[in-house]
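**Student:**
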């Protein structure tokens with residue numbers, strides 16, 4: 102797939118009753134791109150993320166991630182691939198309540214390889230939370246908990262970062278801190294795919310993809326003269 106991090110070819114996700122959460126979406130995301138998935142509730146943003154990260158499986162079409170055809174993966178294959186290549190950030194924090202911030206970060210290391218507290222502390226430093234490393238989630242603000250989640254997602258140096266509404270529960274001050282983290286990650290060359298309603302976060306992204314009723318309706322690059330229509334998106338079918 103050349104330099105592409107993610108390729109979807111006519112990818113769809115249908116449910117019983119004729120409901121199409123995603124309807125024949127084709128797109129290509131290159132390595133190092135920061136892409137914002139935007140659109141109203143029910144437009145297919147989260148479904149697209151879940152198909153890319155392997156938490157869900159397409160009912161039609163094909164998906165390649167980092168050159169691998171993930172459509173063929175079994176559940177355990179998808180879990181291993183996700184653990185080794187992706188960092189996931191959710192709207193809900195999913196922190197273990199009886200573990201400290203640094204221990205929550207180290208938990209991700211445990212499932213990946215070996216635990217290294219020094220690395221976990223450096224991950225917290227990257228999100229400006231060193232001083233809160235030994236606090237429990239109940240002792241952290243919502244914004245601090247979200248930054249712990251980001252540190253946890255980054256601890257294993259993932260090639261792709263996927264985030265679902267990462268600022269939805271944050272106040273303006275903590276939003277700004279999370280924005281800065283994503284700016285830094287993009288400068289470091291990470292591939293970032295974010296589903297968001299937040300126009301500010303969407304505006305910071307290098308590229309904005311609009312979904313509506315499960316279909317890709319607009320693909321706009323920052324600084325471009327205008328939107329690139331969905332029908333012009335080309336994808337390769339062989340690696």
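Residue numbers (my numbering): 102 to 340. Ideal placement from N, C-alpha and C gives every residue a C-beta, glycine not left out.
1) Does the stretch 265-276 come within contact of the stretch 181-196, defined as at least 3 CB pairs closer than 8 Å?
2) Can you check which of these residues, 266, 275, 243, is closest to residue 146 by C-alpha distance?
3) Does the separation of the CB atoms of residue 179 and residue 155 fall below 7 Å?
4) Short of 6 Å in beta carbon distance, which residues of its chain neighbour residue 117, apart from the five on each side in sequence? Order them along the chain.
5) Which residue comes first and which comes last in the alpha helix (DSSP H) that contains residue 251?
6) Touching or not, the stretch 236-247 and the stretch 200-207, by the rule of three or more beta carbon pairs under 8 Å?
7) Taking all protein chains shown into account, do 16 or more other C-beta atoms lie within 10 angstroms of the C-beta of residue 113, making it buried, or fewer, making it exposed?
8) Identify whether residue 270 lies in helix, strand or coil by the three-state DSSP scheme.
9) Assuming residue 139 and residue 311 form a contact by the criterion Cβ under 8 Å, report the distance between their Cβ atoms to the nearest whole angstrom.
10) Let's see if you can read the secondary structure: which residues bound the beta strand (DSSP E) around residue 309?
11) What residue ranges within the stretch 111-192 form continuous alpha helix (DSSP H) runs of no fewer than 4 residues, ordered along the chain?
12) Considering only the beta carbon of each residue, do residue 304 and residue 297 sit closer than 7 Å?
13) Rounding to the nearest angstrom, what Cα-Cα distance links residue 261 and residue 275 in this structure?
14) Which whole-angstrom value is the C-beta distance of residue 162 and residue 109, which I expect to be below 8 Å?
15) Relative to the C-alpha of residue 314, which residue among 281, 141, 132, 223 is closest?
16) Please state whether DSSP places residue 297 in a helix, a strand or coil.
17) For residue 149 versus residue 123, is the C-beta distance shorter than 7 Å?
18) Under a three-way DSSP split, which group does residue 105 fall into?
19) Reducing DSSP to helix, strand and coil, say where residue 292 ends up.
20) Compare the Cα-Cα distances from residue 294 to each of 216, 232, 129, 264 and report the closest residue.
21) Please report the Cβ distance between residue 106 and residue 292, rounded to the nearest whole angstrom; I am assuming they are in contact, meaning their Cβ atoms lie under 8 Å.
22) Identify the continuous beta strand (DSSP E) that holds residue 234 and give its terminal residues.
23) Is residue 335 helix, strand or coil when you go by DSSP?
**Tutor:** So, to answer that:
1) yes
2) Within the chain shown, the letter at position 45 stands for residue 146. The option with the nearest alpha carbon to residue 146 is 266.
3) Numbered from 1 along the chain shown, position 78 holds the residue referred to as residue 179. Numbered from 1 along the chain shown, position 54 holds the residue referred to as residue 155. Yes, the Cβ-Cβ distance between residue 179 and residue 155 is below 7 Å.
4) The residue labelled residue 117 in the question sits at position 16 within the chain shown. None.
5) Here residue 251 is taken as the residue at index 150 of the chain shown, counted from 1. Per DSSP, the unbroken alpha helix (DSSP H) holding residue 251 starts and ends at 243-255.
6) yes
7) If you number the chain shown from 1, residue 113 lands on position 12. That one is buried.
8) Numbered from 1 along the chain shown, position 169 holds the residue referred to as residue 270. Coil at residue 270, not helix or strand.
9) If you number the chain shown from 1, residue 139 lands on position 38. If you number the chain shown from 1, residue 311 lands on position 210. That pair is a contact at about 5 Å.
10) Residue numbering aside, residue 309 sits at position 208 when the chain shown is read from its first letter. Per DSSP, residue 309 belongs to the beta strand (DSSP E) from 308-313.
11) 146-154, 176-186
12) The count along the chain shown starts at 1 and reaches residue 304 at position 203. The count along the chain shown starts at 1 and reaches residue 297 at position 196. Cβ distance not < 7 Å, so residue 304 and residue 297 don't count as in contact.
13) Taking the first residue of the chain shown as position 1, residue 261 is located at position 160. Taking the first residue of the chain shown as position 1, residue 275 is located at position 174. Roughly 23 Å separates the two Cα atoms.
14) Looking up residue 162 in the chain shown gives position 61. Looking up residue 109 in the chain shown gives position 8. The Cβ separation is near 7 Å, so the contact holds.
15) Counted from its first residue, the chain shown places residue 314 at position 213. The residue with the shortest Cα to Cα distance from residue 314 is 141.
16) For this step, residue 297 is matched to residue 196 along the chain shown. Three-state result, residue 297: coil.
17) Walking along the chain shown from the start, residue 149 turns up at place 48. Walking along the chain shown from the start, residue 123 turns up at place 22. Yes, Cβ-Cβ distance for residue 149 and residue 123 is below 7 Å.
18) Along the chain shown, one-based indexing puts residue 105 at 4. In this structure, residue 105 counts as strand in the three-state DSSP scheme.
19) Here residue 292 refers to the residue found at position 191 of the chain shown. Correct three-state label for residue 292: strand.
20) For the purposes of this step, residue 294 is identified with residue 193 of the chain shown, where counting begins at 1. Looking at the Cα atoms, 264 is the closest of the given residues.
21) On the chain shown, position 5 is the one that residue 106 refers to. On the chain shown, position 191 is the one that residue 292 refers to. That pair is a contact at about 4 Å.
22) Along the chain shown, one-based indexing puts residue 234 at 133. No beta strand (DSSP E) holds residue 234; DSSP gives it neither H nor E.
23) Locating residue 335 in the chain shown gives position 234, where the first residue counts as 1. Reliability of the predicted coordinates at residue 335 is poor, the pLDDT of 39 falling under 50, and the value obtained from them is presented with this limitation in mind. Residue state, collapsed to three classes: coil.
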